[in-house]
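Reviewing the structure listed below.
Residue numbers (the numbering used here): 26 to 153.
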């Protein structure tokens, strides 16, 4: 088995209060942000195999402090992207439509050779 830090990227306009990957907890991922903090540790297989998944739970709310709260809880089983060797970080990408992508790597989503989704970009005019 291998271990990795958890780091999250939020590609949505919602605030993520907290999330769990296989019961490992992290919290506070702002809309169109993330990647700046790490939580130790998630345990995963040293070798990727087809069908490798993780259980992801998270809660969201509206990012606008003046808007309705719209708090919601989500849960799904998510495939782990293929990796050729163990990495130091499991990057959790929260995507639109309650999709999640799990990428194990030795870098963050803002480096040019990152194997997963690029880091989130805040849309022009987004205020929160």
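Where is the CB? At the ideal position from N, CA and C, for every residue including glycine.
Predicted model only: the values in this text are computed from it and were never measured.
Nearest to residue 72 (by Cα), restricted to the options 125, 85, 111, 101: 111
Best match in 137, 85, 129 for proximity to residue 113 [C-alpha to C-alpha]: Residue 113 has its Cα closest to that of 129, out of 137, 85, 129.
Cβ neighbours of residue 103 in the same chain (closer than 7 Å, five flanking residues each side left out): Here the set comprises 78, 79, 81, 125, 127.
For residue 153 and residue 89, the rounded distance between their alpha carbons: Roughly 6 Å separates the two Cα atoms.
Collapsed DSSP secondary structure at residue 75 in the structure displayed: coil
Beta-carbon proximity of residue 83 to residue 119, cut-off 8 Å: Going by C-beta atoms, residue 83 is nearer than 8 Å to residue 119.
Residue 135 burial status per 10 Å Cβ neighbour count (16 or more: buried): exposed
Residue 34 and residue 145 closer than 8 Å at C-beta: yes
Residue 53: first and last residue of the uninterrupted beta strand (DSSP E) it sits in: Under the DSSP assignment, residue 53 falls in the beta strand (DSSP E) whose first and last residues are 49 to 54.
Short Cβ contact (8 Å threshold) for residue 52 with residue 39: no
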